[in-house]
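S.K.: In the UniProt record's numbering, the protein residues as written are 1 to 321. Here it is: the structure, laid out below.
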């Protein structure tokens, strides 16, 4: 929760007011400041503090687009509590269309950071010191890496009943019970007792309209559920949430046995049975064409959309039933 004076980064946020802040913690070798814009909106009434983040990986653009629309449509303005939006956490990775921080490190693998560590580690430290203690809940938006297109899914820790409730409220078709990655933002927040929903959908360097709509409606449902603002009117005009999301406890990647041109023939989110045809791999000269079959029963939660794959590349992610 914000303190009694509602101070964030040294600035007082008054009831019913908003403020644009900058988290300024380091400079590049050119002297350029690393400033990360933070949009804060406080309701007129007390309530929970929700942090909404995107772009921890700088090339995961769809999360940035979701938060941009939440702000542009003024959905981030609560009646109760406070909403803190950080559309682009890794601002320099975003500028370079790169997953990594400027020092080459994955920002999502250095939390909680260190004041004397690498550039990414120092930034993580200040984020955890200045922002994280103020919040109660977090929605963190991600996409699949490279050409891997993820089906819309929320990821939570197993046996966390409150996060499971929030995941069902969010309404994505899949809920993945995934252990937190070591030194990830989600792990660091969870250790502080914060409730975190990690949303995965789409692929990097891409904006998908369906994924964007689902990310927006999910955030509105969570805010409505937490009593921060009544969005029932807006949600009636949006796509309905998945009434019975599929809960996933285990999954398996299918990897290419051959290098060649990749032709998936199954739709994302489809339920498949062991042995079902998922696609094929062919050489560019018409000499061979090899089937790719399902190795087990389950749902397709990610498809590699690269037209050319190498032997060993991950091509289908199958959630096991």
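Where a beta carbon is used, it is the ideal one built from N, C-alpha and C, also for glycine. Only a predicted model underlies this, so the values are computations on that prediction, with no experimental measurement involved.
May I have a chain-ordered list of the alpha helix (DSSP H) segments no shorter than 4 residues that lie completely inside the stretch 92-153?
M.R.: Taking only runs of at least 4 residues, the alpha helix (DSSP H) segments lying wholly in the stretch 92-153 are 119-130.
S.K.: Can you name the residues that DSSP bridges to residue 24?
M.R.: Bridge partners of residue 24: 35.
S.K.: Between which residues of its own chain and residue 57 is the CB-CB distance below 6 angstroms, once the five residues before and five after are set aside?
M.R.: Here the set comprises 99.
S.K.: Mark residue 140 as exposed unless 16 or more other C-beta atoms lie within 10 angstroms of its C-beta, in which case mark it buried.
M.R.: Classification for residue 140: buried.
S.K.: Under 6 angstroms Cβ to Cβ from residue 34, same chain only, skipping five residues before and after it: list those, please.
M.R.: Closer than 6 angstroms at Cβ, skipping near neighbours: 26.
S.K.: Alpha carbons only, please: which of 246, 261, 97 is nearest the one belonging to residue 154?
M.R.: It is 246 whose Cα lies nearest to the Cα of residue 154.
S.K.: Let me check understanding here. Comparing Cα to Cα, which of 43, 121, 233, 38 lies closest to residue 67?
M.R.: The option with the nearest alpha carbon to residue 67 is 38.
S.K.: What residue does the beta strand (DSSP E) around residue 255 start on, and which one ends it?
M.R.: Looking at the DSSP string, the run of the beta strand (DSSP E) that includes residue 255 is 251-255.
S.K.: Return the chain-ordered ranges of every beta strand (DSSP E) run that is complete within the stretch 266-318 and spans a minimum of 3 residues.
M.R.: Listed in chain order, the complete beta strand (DSSP E) runs (minimum 3 residues) inside the stretch 266-318 are 277-282, 289-293, 298-304.
S.K.: Are residue 59 and residue 93 close, meaning C-beta to C-beta below 8 angstroms?
M.R.: Yes. Within cutoff.
S.K.: Give the single residue among 81, 145, 162, 300 whose Cα lies nearest to the Cα of residue 135.
M.R.: Checking every option, the nearest Cα to that of residue 135 belongs to 81.
S.K.: Specify, as a first and last residue, the run of the alpha helix (DSSP H) that residue 71 falls within.
M.R.: Note, residue 71: alpha helix (DSSP H), 61-72.
S.K.: Short of 7 angstroms in beta carbon distance, which residues of its chain neighbour residue 128, apart from the five on each side in sequence? Order them along the chain.
M.R.: The residues are 111, 112, 113, 188.
S.K.: Would you check if there are 3 or more beta carbon pairs closer than 8 angstroms linking the stretch 84-92 to the stretch 229-242?
M.R.: Output reads no: the stretch 229-242 does not touch the stretch 84-92.
S.K.: Return the first residue and the last residue of the alpha helix (DSSP H) that residue 209 is part of.
M.R.: Element bounds for residue 209: 209-225.
S.K.: What does DSSP give as the partner residues of residue 323 in its beta bridges?
M.R.: Missing from the structure shown is residue 323; the chain here goes from 1 to 321 and no further.
S.K.: Assign residue 65 to one of two classes, buried (16 or more other C-beta atoms within 10 Å of its C-beta) or exposed (fewer than that).
M.R.: Its Cβ being crowded by 16 or more others within 10 Å, residue 65 is buried.
S.K.: Could you give the DSSP three-state label for residue 235: helix, strand or coil?
M.R.: Of the three classes helix, strand and coil, the one that applies to residue 235 here is helix, per DSSP.
S.K.: Could you check what DSSP says for residue 3 in three-state terms: helix, strand or coil?
M.R.: Because the pLDDT of residue 3 is 45, which lies under 50, any placement of that residue in the model is unreliable, and the number read from its coordinates should be weighed accordingly. Residue 3 falls in the coil class under three-state DSSP.
S.K.: Look up residue 263 in the DSSP assignment and give the residues it is bridged to.
M.R.: Beta-bridge pairing links residue 263 to 280.
S.K.: Comparing C-alpha positions only, which one of 159, 115, 122 sits nearest to residue 106?
M.R.: It is 122 whose Cα lies nearest to the Cα of residue 106.
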